Amino acid sequence: MYLLAIKLRLLRQNCQSFLRQLCRHPSALLGALVIILYLLAAVFAPYIIPQDPFIGQLGNRLLPPSWAEGGQPEYLLGCDELGRDLLSRIIYGARVSIGVGFLSVMVSMAIGVTAGLAAGYFRGWFDEVFSRFADLLLAFPYLIFALGVMMVTGPGFWNLIMALSFKGWVEFFRLTRGETLSEKTKEYVEAAKASGQGDLTIMLSEILPNIVHSVIVLGTLRMGYMIIMEASLSFLGLGVGTRIPAWGSMIANGRQFMLNAWWISTLPGLALLILVLSINLLGEGLRDILDPRLKID
């Protein structure tokens, strides 16, 4: 109980220190606040959307935003080519982008960190096999590789996560392996071995806590990339499906109306741009805060 109390106190102190440094990092704080707004919109989308995002009225086809000539107040951002409320579809599309991005990063992180820890710690044939396999996957462009997987599996939420994670683990593997190779030669690891701790205990309780900061930063930055990949695949018709609102498919559907209904493509693209930019701002800020070599005083 005494050791648990000490660990909880240290955890609380670390969290307080992190929040203080985050508040003193303007760009990271701005990114975090914008991401929170997107998360709230995604979670509570069914309760805050003004219209049904799946049902349109042909009488409202290509209706401009409310501030433009011919717009209506109840359709703030206008309607698409089928008369569906664009604001409702953009809000609902945030669920797809954030959900796919987050889950893809989590799956990639779980695979890459586990394999990287084992490869860096044990070396030998395990390291050789995974390192060569990772090098092989890196030879293929990410989008082309994901396209191939989606063409085989077909559109779908979980198929999309699988396609993005199948290669996404490589970056986490290479980072974790390199950090583990560096950490395993340090004195605290040798002391843990001398005290009789097992290999699994050393990897999870000694090495992992010292490299988790780098993994968190990489995971944050990769989430923005995963969201772009999801939008790209949805743009090409290989995303979550045609019935589900997704920013990529909304941008694709509005291309033919760019001259007379620019809002159909532009506004979902702007929502995507702001989210990815905010994630990158937060990721860069986390690197400044969590990297001991760049620690904010």
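Just so you know, the sequence shown maps onto residues 401 to 697 in our numbering.
Beta carbons: idealized from backbone N, C-alpha and C, even for Gly.
Keep in mind it's a predicted model, so treat the numbers as computed, not measured.
Pop quiz: residue i and residue j are said to be a contact at Cβ under 8 Å. What is the actual Cβ separation, rounded to whole angstroms?
{"i": "residue 538", "j": "residue 550", "result": "Their Cβ separation, rounded to whole angstroms, is 19 Å, which puts residue 538 and residue 550 out of contact at 8 Å."}
{"i": "residue 486", "j": "residue 667", "result": "6 Å"}
{"i": "residue 619", "j": "residue 431", "result": "No, residue 619 and residue 431 are not in contact; Cβ-Cβ is about 15 Å, not under 8 Å."}
{"i": "residue 492", "j": "residue 445", "result": "5 Å"}
{"i": "residue 671", "j": "residue 490", "result": "5 Å"}
{"i": "residue 658", "j": "residue 505", "result": "Not a contact, Cβ separation roughly 32 Å."}
{"i": "residue 638", "j": "residue 428", "result": "Contact flag wrong, Cβ pair sits at about 34 Å."}
Reducing DSSP to helix, strand and coil, say where residue i ends up.
{"i": "residue 480", "result": "coil"}
{"i": "residue 668", "result": "helix"}
{"i": "residue 451", "result": "coil"}
{"i": "residue 663", "result": "helix"}
{"i": "residue 680", "result": "helix"}
{"i": "residue 468", "result": "coil"}
{"i": "residue 691", "result": "coil"}
{"i": "residue 586", "result": "coil"}
{"i": "residue 540", "result": "coil"}
{"i": "residue 440", "result": "helix"}
{"i": "residue 601", "result": "helix"}
{"i": "residue 646", "result": "coil"}
{"i": "residue 457", "result": "coil"}
{"i": "residue 595", "result": "coil"}
{"i": "residue 658", "result": "coil"}
{"i": "residue 640", "result": "coil"}
{"i": "residue 462", "result": "coil"}
{"i": "residue 697", "result": "No answer about residue 697 holds up, because its pLDDT of 39 lies below 50 and its placement is not dependable."}
{"i": "residue 609", "result": "helix"}
{"i": "residue 446", "result": "helix"}
{"i": "residue 555", "result": "coil"}
{"i": "residue 523", "result": "coil"}
{"i": "residue 571", "result": "helix"}
What is the rounded straight-line gap between the Cα of residue i and the Cα of residue j?
{"i": "residue 679", "j": "residue 439", "result": "12 Å"}
{"i": "residue 689", "j": "residue 421", "result": "7 Å"}
{"i": "residue 630", "j": "residue 529", "result": "29 Å"}
{"i": "residue 574", "j": "residue 449", "result": "42 Å"}
{"i": "residue 640", "j": "residue 546", "result": "13 Å"}
{"i": "residue 394", "j": "residue 498", "result": "One cannot answer for residue 394 here, as it falls past the ends of the chain, which runs 401 to 697."}
{"i": "residue 466", "j": "residue 414", "result": "47 Å"}
{"i": "residue 520", "j": "residue 434", "result": "37 Å"}
{"i": "residue 675", "j": "residue 623", "result": "10 Å"}
{"i": "residue 583", "j": "residue 468", "result": "60 Å"}
{"i": "residue 554", "j": "residue 503", "result": "18 Å"}
{"i": "residue 635", "j": "residue 453", "result": "18 Å"}
{"i": "residue 541", "j": "residue 548", "result": "11 Å"}
{"i": "residue 669", "j": "residue 650", "result": "9 Å"}
{"i": "residue 568", "j": "residue 660", "result": "39 Å"}
{"i": "residue 496", "j": "residue 484", "result": "18 Å"}
{"i": "residue 600", "j": "residue 608", "result": "11 Å"}
{"i": "residue 425", "j": "residue 412", "result": "20 Å"}
{"i": "residue 563", "j": "residue 543", "result": "10 Å"}
{"i": "residue 460", "j": "residue 654", "result": "15 Å"}
{"i": "residue 585", "j": "residue 592", "result": "12 Å"}
{"i": "residue 511", "j": "residue 677", "result": "26 Å"}
{"i": "residue 570", "j": "residue 628", "result": "18 Å"}
{"i": "residue 644", "j": "residue 633", "result": "14 Å"}
{"i": "residue 522", "j": "residue 558", "result": "33 Å"}
Which partner residues of residue i appear in the DSSP bridge assignment?
{"i": "residue 485", "result": "479"}
Are the Cβ atoms of residue i and residue j separated by less than 8 Å?
{"i": "residue 507", "j": "residue 565", "result": "yes"}
{"i": "residue 501", "j": "residue 482", "result": "no"}
{"i": "residue 576", "j": "residue 516", "result": "yes"}
{"i": "residue 589", "j": "residue 602", "result": "yes"}
{"i": "residue 621", "j": "residue 578", "result": "no"}
{"i": "residue 664", "j": "residue 480", "result": "yes"}
{"i": "residue 509", "j": "residue 612", "result": "no"}
{"i": "residue 471", "j": "residue 458", "result": "no"}
{"i": "residue 417", "j": "residue 451", "result": "no"}
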